[in-house]
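Quick notes on the structure that follows.
In this note's numbering, the protein residues as written are 223 to 669.
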């Protein structure tokens, strides 16, 4: 981040943006103890993602000067009571904004009063000046685990379901492909003989699934850094070990590696898996993938001079590494300068850099950890490579691609130029979808 603390072309939000993580849980509702503009700001940033009660429809105390002077705890009590009257929900998550964080309202004690009455409610501090929504996602999930899931610990023996895993992967809505990715992870893990608690979206069982978290045999973390505090919390609380795949598996190479890693770890944790059947599943999925690639062979050979030969990616670290590996090894597009725009903490940057450099032992791939995408654009304007270029990024990058006469794929938020519903980029099928997106662009340019 720039020394002034200001960035251009924002790719994420402040901490209260993690209200989207609550919205992604079926029948859960965020209650904002904040100013009236917070929910509206989040709704505008994520677009088309209000869910059951998110964005500008979230219950909110609408903090004003009066609450700043006298405190807003009584107003919050009233809003919580009215939420129960108006909305039929299974879980309420009270989230504080900057004003509440500055005033110092004792939200935790108030929420504890309702929890003691048996209400399914938790509180989490999400003042925007303390974290971004990548970090706050973990704060929200851990708050639900510590304050809500903990109430059901007596009903489930810890680690008793050896073939069940808690999946910690895509951040809802921040990852535009989160619904499709989680569905694909669930399908792939089922192919190994594992049941995955995906916790978010239409393929999870809502709060009933969250209640079973302690029973899982182990956990699967798919992320370069975000979400790790969740895996660490579950390990400390329930003794659940986790296997960590450091980027999104896209295409045959990385998805095969991911599944083999999970399978080996599952066996080491005592999961009752038919190993031969699981290996056969992986091979079947890989063979099906390469059958589609074989069908493209003639087209690719005839059209090879019309394809992009290099690419720049502006995305979070998980996608930058994943897409770089996929483009180089399975599409034949060379990753050039790459830009991580998620505000990665410094302590994780060396590992991410090493993961990216493992993509090729012949040429270094420059990587910039730059949440200020305006600066990233300045760097890209000064770069020139021979051949047809491709930029994969957010809607902010479309005009730059036009300026440089590059192809452009909208794959990050904010993304006003693309509607994503259940599309996935993860897995074997995700790799095929990326290929479709690239070649659709190329072919449409000849129309």
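Cβ atoms here follow ideal geometry from the backbone N, Cα and C, with glycine treated the same way.
Since the structure is predicted, the reported quantities are computational estimates derived from the model, not experimental observations.
According to the DSSP assignment, residue 451 belongs to no beta strand (DSSP E) but to the alpha helix (DSSP H) extending over 450-460.
With respect to residue 605, residue 631 sits apart: the two C-beta atoms are not nearer than 9 Å.
Taking 9 Å as the cut-off, the Cβ atoms of residue 410 and residue 481 count as close. One Cα belongs to residue 656, the other to residue 385, and the distance between them is close to 31 Å.
For residue 634, the three-state secondary structure derived from DSSP is coil. For residue 590, the secondary structure class from DSSP, reduced to helix, strand or coil, is strand.
The beta carbons of residue 329 and residue 318 sit closer together than 9 Å.
The stretch 242-257 makes contact with the stretch 380-400, as at least three CB pairs between them are under 8 Å. The beta carbons of residue 423 and residue 249 sit no closer together than 9 Å. With a threshold of 16 other beta carbon atoms within 10 Å, residue 360 meets it and is buried.
The beta-bridge partner set that DSSP reports for residue 629 consists of 612. The C-alpha of residue 666 is placed about 10 Å away from the C-alpha of residue 660.
Rounded to whole angstroms, the gap between the alpha carbons of residue 308 and residue 515 is 52 Å. In the structure shown, the three-state DSSP call for residue 426 is coil. Secondary structure of residue 662 (DSSP, three-state): helix.
Per DSSP, the continuous alpha helix (DSSP H) segment holding residue 477 begins and ends at 473-490. Boundaries of the beta strand (DSSP E) around residue 388: 383-390. Residue environment analysis places residue 460 among the buried positions, since at least 16 neighbouring C-beta atoms fall within 10 angstroms of its C-beta. Boundaries around residue 318 are those of the beta strand (DSSP E), 313-318, since no alpha helix (DSSP H) includes it. The beta carbon of residue 607 is closer than 7 Å to those of 532 and 558 in its chain, skipping five residues each way along the sequence. Inter-segment contact for the stretch 550-567 and the stretch 451-460 is absent: fewer than three beta-carbon pairs are separated by less than 8 Å. With a cut-off of 8 Å on Cβ pairs, the stretch 497-510 is not in contact with the stretch 436-444, counting fewer than three such pairs. For the options 517, 474 and 287, the alpha carbon positioned closest to that of residue 503 is the one of 474.
Counting only the Cα atoms, residue 268 lies some 28 Å from residue 611.
Separation of residue 591 and residue 580 (C-alpha to C-alpha, rounded to the nearest whole angstrom) is 17 Å. According to DSSP, residue 278 shares a beta bridge with no other residue. According to the DSSP secondary-structure assignment, residue 557 is paired through a beta bridge with 533. Cβ neighbours of residue 543 within its own chain (closer than 7 Å, five residues either side excluded): 446, 469, 574, 577 and 578. In the three-state DSSP reduction, residue 397 falls in the strand class (E or B). Straight-line measurement puts the Cα of residue 506 at about 38 Å from the Cα of residue 366. As for any alpha helix (DSSP H) of minimum length 4 sitting wholly inside the stretch 231-256, the runs are 241-245, ordered along the chain. Here residue 302 is buried, its C-beta having at least 16 other C-beta atoms within 10 Å. If you check the CB distance, residue 462 and residue 371 do not come in under 9 Å. Just so you know, the alpha carbons of residue 499 and residue 414 end up roughly 8 Å apart. A direct Cα-to-Cα measurement between residue 362 and residue 315 gives close to 8 Å.
When DSSP reads this structure, residue 562 sits in a beta bridge with 537 and 591.
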